[in-house]
Every structure is written in C-alpha cells, then in structure tokens.
Ligand code: SF4
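Set out below in structure tokens:
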C-alpha cells in the first residue's frame, strides 16, 4: 500500500516552494523590467513632443535667394535698399509664431523655423 502522505511530504513541499519562489522572482523581474520600460517611455514621450523643428540655415538655397538673416540688423542694405531694421519676422504677416516666440514658422520656409528677429525680402507688414 502506498502512503499518500509520503508523496506530499516535506521534499515535495520544498520543491513546490522553490518553484513558487522562482516563479515569483521571475515575475518580479518581468514586472520591474516592464515598469522601467514604461517609465522610460513616459519620460521620453514629452521630450519627443517638445523636440523643436529644424531651423532655417542662412546658407540654405531659399534663405540665400530671399536674403534671409536670423538678425535683421545683418541684412545687406545695398542688396535690399527697402529694408529697415524695424522690419522683423515678428512683425511680418508670414510669421506663424506668437508674439513671445523667439522662433516660429514661416510660409516661405516650409517646416523649418525662422528667427523672430530675422528678416527676408518677402517681408510684408503684419496688419495691425
Ligand atoms: Fe521673416 Fe516674413 Fe521673411 Fe518669413 S516672409 S522669413 S516671417 S520676413
């Protein structure tokens, strides 16, 4: 006759406990890994959202053609005699930023940003 209690004895219980502990340990490791991965994703996503669009390079083909400068005071007034230092991207009708933005979009430069203090020959006074 088989003693049923011997099957469920201390050795089997110890084995079952080890298996449970290993499972708990593995589950804990998976939980920690997933939590850290999730936390990294949460931290990274606002940074991705805050990433700034590329800025126009004064040497870009369009910038050169329009005489764009990041600083209106650096504009070549011989080439653009109608330019005045009071004309800036900020007061141009094509500027797509807000009044406090240092950089913003412009219809002339697609997705690249231009400086609020900048200027180009397409400047047109923003309506009051
Ligand atoms: Fe600046 Fe206006 Fe020229 Fe755009 S069009 S770069 S806002 S001056």
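In this note's numbering, the protein residues as written are -6 to 121.
Backbone N, C-alpha and C fix where the C-beta goes; we use that ideal spot for every residue, glycine too.
All of these numbers come straight from a predicted model, not from anything done at the bench.
Within 7 Å of the C-beta of residue 73 there is not a single heavy atom belonging to the ligand SF4.
Assignment of residue 73 by DSSP, reduced to helix, strand and coil, places it in the coil class. In this structure, the C-beta of residue 115 approaches the ligand SF4 to less than 7 Å from one of its heavy atoms.
Excluding five sequence positions before and after residue 82, the CB atoms of its chain that fall closer than 6 Å to its own CB belong to 88, 107, 109 and 111, given in chain order. Pairing residue 50 with residue 56 gives a Cβ-Cβ distance under 8 Å. Under DSSP, residue 67 forms no beta bridge with any residue. DSSP lists no beta-bridge partner residue for residue 82. When rounded, the separation of the alpha-carbon atoms in residue 102 and residue 115 is 11 Å.
In chain order, 68, 69, 72, 73, 113 and 114 place their CB closer than 7 Å to the CB of residue 60, counting only its own chain and leaving out the 5 sequence neighbours on each side.
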